[in-house]
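Novice: The sequence shown begins at 2 in our numbering and counts up one residue at a time. Think of the CB as a built atom: it goes at the ideal place given N, C-alpha and C, for glycine as much as any other residue.
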Amino acid sequence: MPSKLVFHKQETPYSCVPACLRMVLSGFNIDLREKELRELCDCTIFGTEALKAVDAARKLGFDNTVKSTLSMDELLAQVNCETYPIVFVNLLLIDQIRDTHAMVVIAVEESNILVYDPLKGERKIPRSTFESAWAMMHNISILVQV
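1) So, for E37: in the same chain, excluding its five sequence neighbours on each side, which residues have a beta-carbon less than 7 Å away from its beta-carbon?
2) Answer with buried or exposed for I143, where buried requires no fewer than 16 other C-beta atoms within 10 angstroms of its C-beta.
3) Determine the DSSP secondary structure at T101, reduced to helix, strand or coil.
4) What is the C-beta distance between I126 and I114, in whole angstroms, given that I count them as a contact (C-beta under 8 Å)?
5) For A20, count neighbouring C-beta atoms within 10 Å of its own C-beta (all shown protein chains included) and say buried if the count is 16 or more, exposed if not.
6) Comparing alpha-carbon positions, which option in M138, V18, F63 lies nearest D43?
7) Which class does P19 belong to by DSSP, given the choice of helix, strand or coil?
8) So if DSSP puts G62 in a beta bridge, which residue, or which two residues, is it bridged to?
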């Protein structure tokens, strides 16, 4: 079971997924540089595909890592078990930017979702806004698991 995560800011405009993976790995006391994770994830200027991040985590020994479509209840259950999902959201509703972005969910409250956003830091996003932004990306999540 992971411990508290260490926040890491993304180092490039397109490396949100490797930065999120780095944060989740920190909960397992694994400290890798983002550059290494960008290479493992085959990150390009267009970003990182979820399945490439899953493959990278598996190469690091997290054999049960999966890309999954979660419900809000399933997301809550994962966070309550201290599995911190990497979620894909559309930023249009959150920051009025037309872009896809990855964040790590660290807590679910009744009216807010707390995330580590590798671009902006720790954030509280209104739950309804988060749910809509996440739904725009089909509730895609990465669950890093041993």
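Specialist: The structure says:
1) none
2) buried
3) strand
4) 5 Å
5) buried
6) V18
7) helix
8) The partner list for G62 (beta bridge, DSSP) is empty, contrary to what the question assumes.
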